[in-house]
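To convert, note that position 178 of the sequence shown is 179 in the working numbering; the numbers rise steadily by one, no gaps.
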Amino acid sequence: MSDHIVYSKEGALASLRFNRPEKKNAITMAMYAALAAGLRDAQDDPDVRALGIFGGEAFTAGNDIAGFIAAASLGGAIEDLPVVAFLRGLAAFPKPVIAGVKGVAIGIGTTLLMHCDAVVAGESARFAMPFTKLALVPEGASSVLFPLIAGRMRASWYILSGEQFDAVTARELGLVTKVCADADVDGAVAMMCGALAELPPKALAASKRLLKAPFAQLVDAAFAAEFEAFGTALRSSEAAEAFMKFMQR
2 MSDHIVYSKE GALASLRFNR PEKKNAITMA MYAALAAGLR DAQDDPDVRA
52 LGIFGGEAFT AGNDIAGFIA AASLGGAIED LPVVAFLRGL AAFPKPVIAG
102 VKGVAIGIGT TLLMHCDAVV AGESARFAMP FTKLALVPEG ASSVLFPLIA
152 GRMRASWYIL SGEQFDAVTA RELGLVTKVC ADADVDGAVA MMCGALAELP
202 PKALAASKRL LKAPFAQLVD AAFAAEFEAF GTALRSSEAA EAFMKFMQR
């Protein structure tokens with residue numbers, strides 16, 4: 002497992018923690034592979050009843066741009082990248098998942114939250130999906146899930162414009178369950194995970210499955226369409242120019 006992703010377990014609670022603070026937890030392909038492996042470990046472990054996902058002062062600044070430039074140059078299928086294994090694994094994860102967000106949650110840092118069962122945001126949390134600014138398109142099935150969560154008009158604005166929004170706005174949009182002081186985020190996630198872990202696990206799994214079932218085909222179709230469009234955009238001259246400007250900032 003990557004040193005930049007820490008998987009740990011305490012009793013019935015497992016956690017995945019981003020651990021690349023010097024880069025605001027920007028996610029590399031190795032980190033995606035480690036995240037996917039952690040999900041598999043938590044899913045296969047019968048003692049794990051709930052999973053928490055954490056960052057640090059920053060949740061994550063999103064994809065490591067250098068890694069995406071490298072991926073684009075290889076010319077392989079987007080579906081073969083570790084990020085896809087992580088996203089599909091998170092979408093299919095059968096146990097409760099609660100994320101704790103402080104600082105920036107950019108790009109996939111926002112879209113991965115749409116697959117969680119609850120999100121606790123600190124007062125410092127800032128969310129954004131700046132795909133169009135990088136000449137890219139939405140990912141993580143956000144083109145379907147965010148309109149369902151926030152409504153089509155509000156989802157359209159934040160996805161098309163890439164405008165940043167704060168924790169209170171995220172709660173109003175339906176993306177965040179609870180807002181609290183930064184110092185209380187990890188404890189709140191642990192408490193909520195602990196409360197769920199005490200409930201009958203089969204009933205929890207069945208309830209989660211029922212909640213997600215009406216949207217499962219929509220999410221799967223969105224994954225396929227987004228990955229295809231993302232791959233095309235990633236290899237475009239428009240994206241190359243946008244990446245160059247980003248790297249020169």
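Ideal Cβ positions, reconstructed from N, Cα and C, are used throughout, including at glycine.
What separation, rounded to the nearest whole angstrom, lies between the Cα atoms of residue i and residue j?
i	j	result
leucine 36	proline 215	26 angstroms
glutamine 165	alanine 136	17 angstroms
threonine 133	proline 139	8 angstroms
threonine 170	aspartate 221	28 angstroms
cysteine 117	alanine 189	15 angstroms
leucine 200	alanine 240	47 angstroms
isoleucine 66	methionine 30	11 angstroms
What residue range is occupied by the uninterrupted beta strand (DSSP E) comprising residue i?
i	result
isoleucine 99	98-102
lysine 10	6-11
alanine 106	105-107
Does the distance from the CB of residue i to the CB of residue j come in under 9 angstroms?
i	j	result
alanine 142	alanine 223	yes
phenylalanine 69	alanine 100	no
serine 9	arginine 18	yes
valine 121	valine 49	no
phenylalanine 244	isoleucine 79	no
isoleucine 107	alanine 62	yes
leucine 146	methionine 115	yes
glutamate 124	cysteine 194	no
glycine 163	alanine 198	no
valine 84	isoleucine 109	yes
lysine 43	serine 3	Note that residue 43 is alanine in the sequence shown, not lysine. Result no, Cβ atoms of alanine 43 and serine 3 do not sit closer than 9 angstroms.
Under a three-way DSSP split, which group does residue i fall into?
i	result
glycine 39	helix
aspartate 45	helix
aspartate 167	strand
threonine 112	helix
alanine 1	No answer is possible for residue 1: the residues shown for the chain start at 2 and end at 250.
What residues match up with residue i in a beta bridge as DSSP calls it?
i	result
cysteine 181	Gly123
alanine 15	Lys10, Leu52
aspartate 187	Partner(s): none; aspartate 187 has no beta bridge.
threonine 61	Ala106
Specify, as a first and last residue, the run of the alpha helix (DSSP H) that residue i falls within.
i	result
leucine 235	202-235
isoleucine 150	143-151
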